[in-house]
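Participant: In my numbering, the protein residues as written are -9 to 198. C-beta: ideal position from N, C-alpha, C; glycine also. Quantities reported herein were computed from a predicted structural model and do not represent experimental measurements.
1. Shortest alpha-carbon distance to residue 146 belongs to which of 155, 138 and 140?
2. According to DSSP, residue 146 sits in a beta bridge with which residue or residues?
3. Can you have a look at residue 63 and say buried or exposed, based on whether 16 or more other CB atoms are within 10 angstroms of its CB?
4. From the DSSP output, which residues share a beta bridge with residue 24?
5. Considering only C-alpha positions, which residue in the set 52, 53, 69 and 117 is nearest to residue 60?
6. Touch check for the stretch 35 to 51 and the stretch 91 to 106: three-plus C-beta pairs under 8 Å?
7. Taking one C-beta from the stretch 1 to 20 and one from the stretch 33 to 41 each time, how about it: are there three or more such pairs within less than 8 Å?
8. Just verifying my parser: in three-state terms, what is the DSSP assignment at residue 166?
9. Could you pull out every residue in the same chain whose Cβ sits closer than 8 Å to the Cβ of residue 7, ignoring the five residues on either side in sequence?
10. Around the Cβ of residue 75, are there at least 16 other Cβ atoms within 10 angstroms (buried) or fewer (exposed)?
11. If you measure between the beta carbons of residue 4 and residue 194, is that distance less than 8 Å?
12. Rounded to whole angstroms, what is the Cα-Cα separation between residue 187 and residue 160?
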């Protein structure tokens, strides 16, 4: 399962980071992303309906790879996995959560932004980590520097936009990038799904 998840992430190169406030927007949003060429979504637990949104996507759009994002607790992780999430993504590194995911066979992609955290990730058998917040933590230069030392693959997230994503993806140790510019809250809440599709197509054209 881990291999399949990370292979898909590497293939699509862009992971849309989503906050769903109203469940009625779930499927139109996912369909807009798919129409733009992105059969993947990181649905964040920054919303109380995150688990239910994940469940809807897993049931109604099973071909879409659904990741649970901003997972801070074991309770959230359990809800996410029980709802159908294929992987757990977190802004920080919570070793106990990593152990839980390992026991369940669920891919875990924790946020790191320091050499110490990267060493901890390696010692615990992780191969892919989220570099967060990417731009504020040193961006492309930082990832390039640590690449010579740590055999990790990174998913930079935080400050990644259509203007700098190609710079990140040019690095050999970057698996994919997380971004939200194509799924901004106002576009979702105002039902501007055609615009989301347009921005998604634009993003995919940048990473080909």
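Facilitator: Walking through what the data contain:
1. Looking up residue 146 in the chain shown gives position 156. Measuring from the Cα of residue 146, the nearest candidate turns out to be 155.
2. Numbered from its first residue, the chain shown carries residue 146 at position 156. Its beta-bridge partners are 121.
3. Start at 1 with the first residue of the chain shown, and residue 63 comes out as number 73. Result: exposed.
4. The sequence position of residue 24 within the chain shown is 34, counting from 1. Per DSSP, none; premise fails for residue 24.
5. Counting from one through the chain shown, the residue named residue 60 turns up at place 70. With distances taken between Cα atoms, residue 60 lies closest to 69.
6. no
7. yes
8. As a position in the chain shown, residue 166 is number 176, starting the count at 1. Note: residue 166 maps to coil in three-state DSSP.
9. Taking the chain shown and counting its residues from 1, one reaches residue 7 at position 17. Counting only Cβ-Cβ distances below 8 Å, and skipping sequence neighbours, we find 32, 34, 59, 147, 168, 169, 170 and 173.
10. In the chain shown, counting from the first residue as 1, residue 75 sits at position 85. When all chains shown are included, residue 75 counts as buried.
11. Here residue 4 refers to the residue found at position 14 when the chain shown is read from its first residue. Here residue 194 refers to the residue found at position 204 when the chain shown is read from its first residue. Closer than 8 Å, so yes.
12. Taking the chain shown and counting its residues from 1, the one referred to as residue 187 is at position 197. Taking the chain shown and counting its residues from 1, the one referred to as residue 160 is at position 170. Their Cα atoms are separated by approximately 24 Å.
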